[in-house]
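In terms of the numbering used here, the sequence shown is numbered consecutively and its last residue is 205. Glycine included, each C-beta is placed from N, C-alpha and C at the ideal position. These numbers come from a predicted model, not from an experiment.
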Amino acid sequence: AQQEASQRNGKLAGQDKVVTLPRREREDAEVRPTADQQVQADSEQRVKEYAAGNTDITKGLLDIVRTDTAFDPNHFLQGAKAAYEIIVTAFAEGNRKTLKDLLSPEVYDGFSNAIAEREKRGELIDQSFVGIKSADLVEAEVKGGIAQLTVKFVSELISATRDRAGEVITGDPKRIREVTDIWTFAREAISRNPNWKLVATQAAN
């Protein structure tokens, strides 16, 4: 019984010496990745699975997660879709305050000028956002420390522009229209600020 107790306490029978395994502990430390390395590996695996063999997008996403291991492309796309609906709706309403928070200064100026022209003519946009049919990441890169992600949105909305008298001059207040937009969002790659801003827009139709 005394021998068993000595062994449980880390001693060899007949010796007054603690048994330690420093060599083995050092080997484990060399083989096991650190917590940071594991997080990095998990992040890289996540974006590789998302990109599904698209080498250009894989490279861009890997560049992003190497500076921000918390980045998740699926989470980004959910936020991008929410931002898209907010921005499209705010533009139709002429809501500059909402737009200013979500757009780069250059894009905001373009949107704001278009709203001003509309206001000058006394026109109003009557719009209902039906939904987003698809949102696909088409480009990803880090340039000059800025992460940029380009998304192709295909959405459905009902939209009509009315003049001062309320007459429809463009669009159709009763017809659902499919719209394709290609938008680029950006933020500083090393920033822990999760907010992306819209920095470029282009229409595909």
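Looking at the backbone, the Cα of lysine 143 and that of leucine 62 are separated by about 13 Å. Between serine 128 and serine 104, the gap from beta carbon to beta carbon reaches 9 Å or more. Among the bridge pairs identified by DSSP, alanine 203 is matched with Asp181. With a cut-off of 8 Å on Cβ pairs, the segment 159-169 is not in contact with the segment 184-195, counting fewer than three such pairs. Counting along the chain, the unbroken alpha helix (DSSP H) around threonine 98 starts and ends at 96-102. At a Cβ-Cβ threshold of 9 Å, alanine 135 and alanine 80 count as neighbours. In this structure, the CA atom of leucine 198 is about 9 Å from the CA atom of isoleucine 87. Cβ-Cβ distances below 8 Å link glycine 145 to Glu188, Ala189, Ile190 in the same chain, with the five nearest sequence neighbours on each side left out; the list follows chain order. At a Cβ-Cβ threshold of 9 Å, leucine 137 and tryptophan 196 do not count as neighbours.
Pairing threonine 184 with valine 151 gives a Cβ-Cβ distance under 9 Å. The Cβ neighbour count for alanine 186, taken over all protein chains shown within 10 Å, is at least 16; the residue is labelled buried. For valine 39, the closest alpha carbon among the candidates Asp56, Glu49, Arg66, Ala51 is that of Arg66. One thing to note: aspartate 68 has its Cβ within 9 Å of the Cβ of alanine 147. Comparing C-alpha distances from alanine 90 to each of Glu106, Phe111, Asn74, Pro73 shows the shortest one belongs to Phe111. Nearest to lysine 100 by C-alpha distance, out of Tyr108, Glu139, Asn54, is Tyr108.
Sequence-distant partners of arginine 46 (beyond 5 residues in either direction) whose C-beta falls short of 7 Å from its own C-beta, in its chain, are Asp72.
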